[in-house]
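Visitor: My numbering applies: residue 593 is where the sequence shown begins, and numbers increase by one. We treat Cβ as the ideally placed atom computed from N, Cα and C, and that holds for glycine.
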Amino acid sequence: MAINGQCSCKNVSFQLKASPLSRVLCHCTICQSFNDAAYGDVAIFRAKDVVMPEEDTVNYQAFTKPPIVHRGKCKACAKPAIEYVSLPLTPKLVIVPIASIQDPDLIPEASMHIFYHSRKNEIEDALPKYSGYLKSQMALGLVLIKGMFKA
Ligand SMILES: [Zn+2]
Ligand SMILES: [Zn+2]
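1. Does ligand 2 have even one heavy atom less than 8 Å from the beta-carbon of Gly724?
2. Can you list, in chain order, the residues of its chain whose CB lies under 6 Å from that of Pro689, leaving out five sequence neighbours each side?
3. Pop quiz: Ser685 and Ala639 are said to be a contact at Cβ under 8 Å. What is the actual Cβ separation, rounded to whole angstroms?
4. Is Gly632 near ligand 2, in the sense that its beta carbon is under 8 Å from a heavy atom of that ligand?
5. Taking the alpha-carbon of Leu726 as reference, which of Asn596, Cys620, Ala594, Ala610 has the nearest alpha-carbon?
6. Which partner residues of Met704 appear in the DSSP bridge assignment?
7. Between Leu617 and the rest of its own chain, which residues show a CB-CB distance below 6 Å, the 5 nearest in sequence each way excluded?
8. In the DSSP output, which residue or residues are listed as bridge partners for Ile660?
9. Going by beta carbon distance, what residues of the same chain come within less than 7 Å of Gly664, once the five residues before and after it are set aside?
10. Name the one or two DSSP bridge partners that Tyr676 has.
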C-alpha cells in the first residue's frame, strides 16, 4: 500500500506505506494556528512507514521548549505539509495533516477529539472528547499504543 502526500502546491511530496496508528482531531492552540483552522485533523504514522519529503522543500519549526513536535510548512506555498515528533525513548512518529493526503478516503475516520478545552466551536458528533492537557495526552498515547499492537 502506498498513499501519496503533498502540500497544496505539490512542492512537498511524500509517501505513506502503511495505515496510520490513529487519526485524531486536535483542538490545541498550536494546531489551530498552524493549520489556520478550528482544529487539526491529522493522521499519525510510525516514522518507518513514511518516506519523508526532500528536506529542502519543508520549513520545520517547533513551537514548544523543549522542541517535541516539529511542524513543517511548504517553503513555496507556506501551507502545513508534514510534522514529526521526536521524544527520547519513544518511537519516532510522523503527523500528517489530512489536507496533505492526496486520497483522504484511504485514511480511517477520526477516533477522538483531544485538547477539547481549547475548542473554538462545539462539535456535534459521537466521538469521545478529551479536555485537559494530561487527559488529552493520555488518550492520545493509549490510542497510539493500541494502533501499534494492531499493526
Ligand atoms: Zn506547497
Ligand atoms: Zn494539537
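Guide: Based on what the coordinates show:
1. no
2. Val634, Pro672
3. In the sequence under discussion, the amino acid at residue 685 is Leu, which differs from the Ser named in the question. Contact flag correct, Cβ pair sits at about 6 Å.
4. yes
5. Cys620
6. Val616
7. Tyr631, Asp633, Ala702, His705
8. DSSP output for Ile660 lists no bridge partner at all.
9. Val650, Asn651, Tyr652, Ala673, Ile674, Glu675
10. His662, Val686
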